[in-house]
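Q: If you read the sequence shown in our numbering, its first letter stands for residue -3, the second for the next number, and so on. Note that CB positions come from ideal geometry on N, CA and C, so glycine has one too. Mind having a look at this structure? Questions to follow.
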Amino acid sequence: MLGKPATYLAVLFTLGLSTLNASCFEKPVPAAPKLEWKDRDSAMKQIQQKLQGLADQIQSAQGKGACDSDLDCRTIGIGAKVCDLYKDFLIYSSKDADERKLLGLVSDFNSLHQKLVDMSLAANNCGIKPTQVYCDKSNRCTQK
């Protein structure tokens, strides 16, 4: 550890700024509402229904993954973040996805999914690391 508290604080401040820049596009996750036990199941079911609706919209905005080159292929983390990793990654092509709409929907989905995880009493496994994607021989975005 560093010897001087001022140096230590300067390092923390610098690290905080780099983290802030990386997360500028993520919506902050509000704390889960404080619920009575009798209300928890109902609230979780409502969130699950909203998540299903968002998942359907995401699938529509995702497109079919058509590509001409690896540059068309993208990934975005989807689901709650656990151990600073996402639960899964969505592969899409910038060529045929409604990218602006897709990114907004995924952000909404992730915030809502995090609320559900926070309300749940289940233990969480760490997420997965992003995979490399490429345009395959049939001109479809896929993972390596």
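#1: Between the segment 105 to 114 and the segment 34 to 52, can you find at least three pairs of beta-carbon atoms closer than 8 Å?
#2: For Asp52, which three-state DSSP category applies?
#3: Could you give the DSSP three-state label for Lys41: helix, strand or coil?
#4: Determine the burial state of Pro126: buried for a count of at least 16 other Cβ atoms within 10 Å of its Cβ, exposed for fewer.
#5: Any heavy atom of the ligand ADP within a distance shorter than 7 Å of the CB on Gln45?
#6: Taking 8 Å as the threshold (C-beta atoms), are Gln44 and Leu86 in contact?
#7: Hey, Arg70 and Val129: beta-carbon distance below 8 Å or not?
#8: Go ahead and label Leu101 buried or exposed: buried means 16 or more other beta carbons lie within 10 angstroms of its beta carbon, across all protein chains shown.
#9: For Ala93, name the three-state secondary structure that DSSP assigns.
A: According to the structure data:
#1: yes
#2: helix
#3: helix
#4: exposed
#5: By its list of ligands, the structure shown contains no ligand whatsoever, and the ligand ADP lies outside what it can speak to.
#6: no
#7: yes
#8: buried
#9: coil
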